[in-house]
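Residue numbers (the working numbering), protein chains in the order written: chain A, 119 to 303; chain B, 56 to 197.
In what follows, a single structure is set out as structure tokens and then discussed.
Here it is as structure tokens:
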């Protein structure tokens with residue numbers, strides 16, 4: 119079987135058996151998405167690369183002790199999120215302090231039509247900037263939802279939070295983004 | 056707005072990682088594998104040294120009559136009461152007894168026993184270092 123066609127779980131099993139090349143293939147296959155998730159969490163490129171590298175190293179160490187092969191991508195993303203949270207909490211503790219109460223809140227639709235206001239490229243650039251301005255917990259849910267394309271259930275599992283909290287966090291993040299875009303108009 | 060926000064968020068401009076990031080990760084994993092193998096060898100060597108040391112000590116044990124016998128409960132009670140009633144005299148007596156025991160140890164002990172003790176100590180230090188290293192590498196892992 120060509121290396122590209124080998125499924126993740128087979129590569130994970132080979133890694134557990136000590137095959138270094140199998141882990142290299144997992145790195146090549148998933149490094150970009152892990153990096154994108156981490157990059158949404160932290161504003162510095164070098165820091166994001168360091169966290170990505172640390173996540174894969176921790177994953178490899180963990181696989182060496184593992185008996186039950188995990189589903190690789192969500193598992194390595196969870197490791198990356200934890201590694202990122204550890205690093206960011208040390209360097210910028212205040213980024214985690216800006217969360218309101220977690221009661222469920224419906225997001226009201228806005229009458230404003232931003233698409234009409236600006237061209238899409240510019241809008242996406244502004245939105246990316248607004249995402250970087252969110253508190254880290256909000257950036258995490260944005261990253262998991264839109265970069266890793268995870269379901270609410272998977273996000274809850276990765277973040278170790280109840281699903282309703284994840285849903286609320288995502289709603290609030292989007293609400294803040296909408297406000298930020300409106301303020302810029 | 057919600058749907059549109061979802062669409063926009065799914066299409067945010069991405070920044071690619073450095074082209075050599077995957078290679079750096081693979082290199083770092085290889086380096087960690089080398090370090091782990093080195094520590095595994097250290098552990099095996101420490102175990103072998105400890106075992107050899109224990110064997111040497113066990114073989115030469117009968118000849119080493121100079122080793123102190125484990126004190127009985129009465130002796131301990133006596134020592135404690137002596138220490139409480141006349142601490143200086145008791146301490147001086149203990150020091151003299153220790154010096155006398157060391158002298159008899161030098162005369163009565165076999166070289167194999169000393170070598171065994173040294174090897175056991177080396178093995179224990181190596182094993183301890185490996186354990187510390189292992190607990191350090193386990194910290195913080197998910």
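Every residue, glycine too, gets a C-beta built ideally from N, C-alpha and C.
In this text, all values refer to a predicted model and were calculated from it rather than measured experimentally.
inquiry  = Measuring straight from C-alpha to C-alpha, what distance separates residue 148 (chain A) and residue 71 (chain B)?
reply    = Position 30 of the first chain, counted from the start, is the residue given in the question as residue 148 (chain A). Position 16 of the second chain, counted from the start, is the residue given in the question as residue 71 (chain B). Approximately 13 Å, taken between the alpha carbons.
message = Would residue 77 (chain B) and residue 145 (chain A) be called neighbours here (beta carbons separated by less than 8 Å)?
response = In the second chain, counting from the first residue as 1, residue 77 (chain B) sits at position 22. In the first chain, counting from the first residue as 1, residue 145 (chain A) sits at position 27. Yes. Within cutoff.
request  = Measuring alpha carbon to alpha carbon, tell me which of B:180, B:182, B:136 and B:84 ends up nearest residue 133 (chain A).
outcome  = Walking along the first chain from the start, residue 133 (chain A) turns up at place 15. The option with the nearest alpha carbon to residue 133 (chain A) is B:84.
ask   = DSSP state of residue 136 (chain A), grouped into three classes?
value = Residue mapping note: residue 136 (chain A) aligns to position 18 of the first chain, counting from 1. Note: residue 136 (chain A) maps to coil in three-state DSSP.
request  = Find out if the Cβ-Cβ distance for the pair residue 127 (chain A), residue 192 (chain A) is shorter than 8 Å.
outcome  = In the first chain, the residue the question calls residue 127 (chain A) occupies position 9. In the first chain, the residue the question calls residue 192 (chain A) occupies position 74. Contact: no.
task = Can you pull the chain A residues whose beta carbon is under 7 Å from the beta carbon of residue 65 (chain B), in chain order?
result = What you label residue 65 (chain B) is simply residue 10 of the second chain in a count that begins at 1. Per Cβ cutoff of 7 Å: 264.
task = State the Cα-Cα distance for the pair residue 291 (chain A) and residue 163 (chain A), rounded to the nearest angstrom.
result = The residue you call residue 291 (chain A) lines up with position 173 of the first chain. The residue you call residue 163 (chain A) lines up with position 45 of the first chain. Distance between the alpha carbons of residue 291 (chain A) and residue 163 (chain A): 22 Å.
task = Counting only the same chain and skipping the five closest in sequence on each side, list residues whose C-beta sits under 6 Å from that of residue 201 (chain A).
result = Counting from 1 along the first chain, the entry for residue 201 (chain A) is found at position 83. Taken in chain order, the residues that qualify are 169, 172 and 173.
query = Are the C-beta atoms of residue 170 (chain A) and some chain B residue less than 8 Å apart?
reply = Position 52 of the first chain, counted from the start, is the residue given in the question as residue 170 (chain A). Chain B contact via Cβ: present.
ask   = In the structure shown, what three-state DSSP assignment does residue 189 (chain A) receive?
value = The count along the first chain starts at 1 and reaches residue 189 (chain A) at position 71. If DSSP states are grouped into helix, strand and coil, residue 189 (chain A) belongs with coil.
Pick from A:286, A:157 and A:140 that is closest to residue 251 (chain A), judged by C-alpha positions = Counting from one through the first chain, the residue named residue 251 (chain A) turns up at place 133. The option with the nearest alpha carbon to residue 251 (chain A) is A:157.
inquiry  = What ranges does the alpha helix (DSSP H) occupy inside the segment 252 to 277 of chain A, keeping only unbroken runs of at least 4 residues that lie completely in it?
reply    = 254 to 260 and 270 to 277
message = Am I right that residue 266 (chain A) and residue 155 (chain A) are in contact with their C-beta atoms under 8 Å? What's the rounded C-beta distance?
response = For this step, residue 266 (chain A) is matched to residue 148 along the first chain. For this step, residue 155 (chain A) is matched to residue 37 along the first chain. Sure, about 5 Å apart at Cβ, within 8 Å.
query = residue 111 (chain B) and residue 171 (chain B) look like a contact to me (Cβ under 8 Å); what is the Cβ gap, rounded to whole Å?
reply = By 1-based counting over the second chain, the position of residue 111 (chain B) is 56. By 1-based counting over the second chain, the position of residue 171 (chain B) is 116. Sure, about 3 Å apart at Cβ, within 8 Å.
task = Tell me whether residue 13 (chain B) sits in a helix, a strand or coil according to DSSP, three-state version.
result = The requested residue 13 (chain B) is not part of the displayed model; chain B covers only 56 to 197.
key: chain A residues whose Cβ lies nearer than 8 Å to that of residue 68 (chain B)   = In the second chain, the residue the question calls residue 68 (chain B) occupies position 13. Within 8 Å Cβ-Cβ: 242, 243 and 246.
For residue 67 (chain B) and residue 279 (chain A), believed in contact at Cβ under 8 Å, the rounded distance = Position 161 of the first chain, counting from 1, holds the residue named residue 279 (chain A). Position 12 of the second chain, counting from 1, holds the residue named residue 67 (chain B). At roughly 23 Å, the Cβ-Cβ gap does not stay under 8 Å, so residue 279 (chain A) and residue 67 (chain B) are not in contact.
ask   = Any idea what DSSP makes of residue 165 (chain B), helix, strand or coil?
value = Numbered from its first residue, the second chain carries residue 165 (chain B) at position 110. DSSP places residue 165 (chain B) in coil when its eight states are reduced to three.
query = Taking 8 Å as the CB-CB limit, is residue 84 (chain B) close to chain A?
reply = The residue you call residue 84 (chain B) lines up with position 29 of the second chain. Yes - at least one Cβ of chain A is within 8 Å of the one on residue 84 (chain B).
query = Is the distance from the Cβ of residue 183 (chain A) to the Cβ of residue 197 (chain A) below 8 Å?
reply = Residue 183 (chain A) sits at position 65 when you count from the first residue of the first chain. Residue 197 (chain A) sits at position 79 when you count from the first residue of the first chain. It is not a contact, given that the beta carbons lie outside the stated cut-off.
query = Would you say residue 101 (chain B) faces chain A, with C-beta separation under 8 Å as the test?
reply = One-based indexing of the second chain puts residue 101 (chain B) at position 46. No, because no Cβ of chain A sits closer than 8 Å to the Cβ of residue 101 (chain B).
inquiry  = Quick check on DSSP: helix, strand or coil for residue 61 (chain B)?
reply    = For the purposes of this step, residue 61 (chain B) is taken as residue 6 along the second chain, with counting starting at 1. Of the three classes helix, strand and coil, the one that applies to residue 61 (chain B) here is helix, per DSSP.
request  = Would you mind sorting residue 286 (chain A) into buried or exposed? The rule is 16 or more other CB atoms within 10 Å of its CB.
outcome  = For the purposes of this step, residue 286 (chain A) is taken as the residue at position 168 of the first chain. Classification of residue 286 (chain A): buried, given that the 10 Å Cβ count is 16 or more.
request  = Measuring only between beta-carbons, confirm whether residue 112 (chain B) sits less than 8 Å from chain A.
outcome  = Taking the second chain and counting its residues from 1, the one referred to as residue 112 (chain B) is at position 57. No, its Cβ sits nowhere closer than 8 Å to a Cβ of chain A.
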